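Take any residue in the sequence shown, count from 1 to its spot, add 190: that is its number in the numbering used here.
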Amino acid sequence: MRAARVLLLEAAGPESGAIARTAAASGYQVHAATDPATHSAYGTDLRQILSGCLTSDFSQPDRALQDIVGYARRIGADGVLTANEYLTPLLAQVCADLGLPGNDPDRATAARDKAAMSEVFALHGITAPRTRVLGSEDELRLLRATGKIRLPCVIKPADGAGSAGVTVVTNPDRAADAWRAAARSPRGMYGLPPDPRVLVQDYVEGTEYSVESITQHGTTTHLCATRKTITPGAHRVEVGHSLPAALPPGAERAVHQEVEQAIAAVGIRNGAAHTEIIVDREGRCSVVEIGARLGAGHIGILLRHALGIDPWTVLLDTALGRPAHLTPARRAYASIRFLTSPHAGRLATVTGLPKEGPGVPAVHLRTAVGQTVEPAQANRGRLGHFIVTGPDPAAVERQAEQILARISVVVDSDTPAHRAGSPAAPGPGPQREATHAP
């Protein structure tokens, strides 16, 4: 019996690399498809895992589809999958053309493009924030002039990710700036054709969660909910994830029903879903966004530590059409905290980081001392992270906050730019500011 052959659309990145390593460790033959620019950055370790690699111009989706389907047929691919959100519509079409487990190609864009997503949510009666899709700043001016924008509101790009270009607007005079930030934010990857539209959404008060789910042959299993720690202010950056989160009493069933409707509405039939929701004080659930992928921000690693579920094996089994093992092997708790910069400048020092060991399985600083940093206005601006695990949620959360309080991020800058309550060093020359928590 020959080893299974899997084709990974993009092998770069933490989640993609974990899938590739898991597949290779399982004895599978692992292939990747990427674009020439990204392929040139593949490291030696990754290249050694791969049995083959296709490079194609992803900025031309029709051509890339032909290239990938042809390559998959030549290698006899048994499953095709991706951890890259931008490639999920392409993946759905590839799987449909090959007759492999995948999602509905006709609706896959709705799990990636937020304008299409809002239309599908409205069509299927999903409880979601009221959304207006704007094609120009003139449309925004008209909405303001006619009093049709409720404040606070959220203004964001139609095809962004990782909170890039997202602004919570509380002052009507800031709406135009927020629209421009959304319109000018980096769009997509690989030069894929962008959706230039901008969304204006009603702001929903409540606690932010995501629901991590796996769907096989149209049947969905919810692995857990993840509680999010979000920065306040105009730019809401995720600086913490904790799971499994206990949803408010009586809300779990309603949340799961709403999430399942959203999963079906965007055509997720075989694969992961990461659904971002807000639960208000009355326990009502609003679906903000959904992605046809596993949650980023190391949520997969938290799942493994807290529940003993190997998400990479689950994704591979799902792509191969095999029953995935979704029952928790343990009942613990895991939480991650991300570090951010207090202001723009050069990263001088980071002190107080914990050592890896029992209860702290991961500590990572992704930004080197001396690099230029800015305050995080999107998830990609985070400097590093640490993970805390244990059997008791309250104890884990307490330990995570205590560790965070001991970490000091010091940033030098040529001009003073200080948060309230963060004193600068006296004297002439570059200013220095430290933060002890994001």
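Ideal placement from N, C-alpha and C gives every residue a C-beta, glycine not left out.
In this text, all values refer to a predicted model and were calculated from it rather than measured experimentally.
What first and last residue would you give for the alpha helix (DSSP H) that runs through residue i?
i	result
Gly490	Ile489 to Leu497
Ile597	It is not in any alpha helix (DSSP H) - Ile597 carries neither H nor E in the DSSP assignment.
His229	Pro226 to His229
Lys304	Lys304 to Leu313
Pro251	Pro251 to Ile265
Glu329	Glu327 to Ala335
Ala365	Ala365 to Arg374
Can you check whether the CB of residue j is closer than 9 Å to the CB of residue i?
i	j	result
Val344	Gln391	yes
Ala222	Gly203	no
Arg512	Pro501	no
Leu288	Lys346	no
Tyr523	Pro434	yes
Ile404	Gly457	no
Thr357	His425	yes
Leu497	Ala482	no
Could you tell me which of the options sits nearest to residue i, measuring between CA atoms?
i	options	result
Ala463	Gly396, Ile453, His575 and Asp470	Ile453
Gly196	Ala231, Gly381, Leu244 and Thr228	Gly is not the amino acid found at residue 196; the sequence shown has Val there. It is Leu244 whose Cα lies nearest to the Cα of Val196.
Leu484	Ala455, Leu413, Gly337 and Arg237	Leu413
Ser308	Pro422, Asp349, Ala568 and Lys338	Asp349
Gly490	Gly207, Leu199 and Met191	Gly207
Ser525	Arg211, Ala351, Ala566 and Gly430	Gly430
Ala645	Phe248, Tyr261, Asp257 and Ala267	What the structure shows of the chain is the stretch from 191 to 628, and residue 645 is not part of that stretch, so it cannot be assessed.
Gly355	Tyr276, Gly571, Thr419 and Gly217	Gly571
Ser246	Ser432, Leu255, Lys304 and Tyr218	Leu255
Please name the residue or residues paired with residue i in a DSSP beta bridge.
i	result
Ala463	Ser403
Gln219	Arg195
Leu529	Gly574
Pro291	Answer is none; Pro291 lacks a bridge partner.
Cys414	Glu402
Glu428	Ile420
Gln283	Answer is none; Gln283 lacks a bridge partner.
Leu484	BP columns for Leu484 are empty, so no partner.
Pro347	Val388
Val477	Ile467
Tyr523	Gly580
List the endpoints of the continuous beta strand (DSSP E) containing residue i.
i	result
Ala201	Element bounds for Ala201: n/a, residue is neither H nor E.
Thr321	Thr321 to Leu324
Leu543	Run containing Leu543: none; DSSP gives neither H nor E here.
Leu555	Ala552 to Leu555
Between residue i and the ligand GDP, is the CB less than 8 Å from at least one heavy atom?
i	result
Asp268	This structure simply doesn't include the ligand GDP, nor any ligand for that matter.
Quick check on residue i - is its C-beta less than 9 Å from some C-beta in chain D?
i	result
Glu450	Any reference to chain D falls outside this structure, which holds one protein chain only.
| query | Any contact of the region 589-603 with the region 533-544, i.e. 3+ C-beta pairs under 8 Å? | reply | yes
| message | With three or more C-beta pairs closer than 8 Å as the rule, is the region 536-546 touching the region 573-588? | response | yes
| Does the region 505-523 come close enough to the region 317-337 that 3 or more CB-CB pairs lie under 8 Å? | no
| task | Specify whether the region 361-376 and the region 459-476 touch according to this definition: at least 3 beta carbon pairs, one from each stretch, less than 8 Å apart. | result | The region 361-376 and the region 459-476 do not touch, with fewer than 3 CB-CB distances between them shorter than 8 Å.
| message | Does the structure place the region 328-337 close enough to the region 288-300 that three or more beta carbon pairs sit under 8 Å? | response | Touching, no, given that fewer than three Cβ pairs across the two stretches are closer than 8 Å.
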